[in-house]
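This report concerns only the one structure given below.
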C-alpha cells in the first residue's frame with residue numbers, strides 16, 4: 123500500500139486543541155480535495171515535515187469531523203514542537219490508522235483519549251531525524 127501524503131498551508135483554527143493542551147495545525151484542504159483523497163475519518167499515527175525548518179516530527183493526524191460541505195477537517199498535533207505554523211507549508215504522512223473519529227461527551231474524556239492517542243503515536247512511529 124502506498125502511504126498517502128497530505129500537504130497544505132497551515133491556517134488559523136479556532137484554538138480548541140490549544141485550549142485542551144494539544145495544539146493542532148489546521149491544514150488548507152485544497153490539495154486534499156484536488157488529490158481526491160479517500161481517507162476514512164479517524165486518528166492516524168505518522169510523521170510531519172515542517173518545510174520552513176526542514177525537520178521531521180512525529181504527528182497525530184486528525185481527519186474529521188465533516189464541515190457543512192461534507193469535507194473533513196485536517197488537523198495535526200505535532201509532537202515535540204512548540205511554535206506557530208500559520209502560513210507555513212506542512213506535509214503529513216499518515217501511515218497507521220489508530221481509531222475512528224468520534225465525538226466525546228466531556229472534555230475530560232476527550233483529553234484522556236488524546237493522551238492515549240499521543241502515547242500510541244510515540245510507540246508506533248520511529249524516532250524522526252532532521253534532514
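Numbering (my numbering), first residue to last: 123 to 253.
Cβ coordinates follow ideal geometry from the N, Cα and C atoms, glycine included.
Note that this is a predicted model, so its numbers are computed, not measured.
- In this structure, DSSP gives residue 226 a state outside helix and strand, which the three-state scheme calls coil.
- For the stretch 143-224, the continuous beta strand (DSSP E) assignments of 3+ residues that do not extend past its boundaries occur at 147-149, 164-172, 177-188, 194-200, 211-222, in sequence order.
- Cα atoms of residue 143 and residue 238: separation of roughly 14 Å, rounded to the nearest angstrom.
- In the three-state reduction of the DSSP assignment, residue 141 falls in the helix class.
- In this chain, residue 134 is not harboured by any beta strand (DSSP E), its DSSP state being neither H nor E.
- Pairwise C-beta distances place the stretch 190-203 in contact with the stretch 140-159, as three or more of them are shorter than 8 Å.
- Residue nearest to residue 130 within the set 212, 225, 224 is 212 (criterion: CA-CA distance).
- Within the model, the alpha-carbon separation for residue 227 versus residue 187 is close to 15 Å.
- Taking each of 174, 173, 244, 202 in turn and checking the Cα distance to residue 218, the smallest one comes out for 244.
- If you draw a straight line from the Cα of residue 224 to the Cα of residue 127, it comes to about 23 Å.
- Nearest to residue 221 by C-alpha distance, out of 158, 167, 153, is 167.
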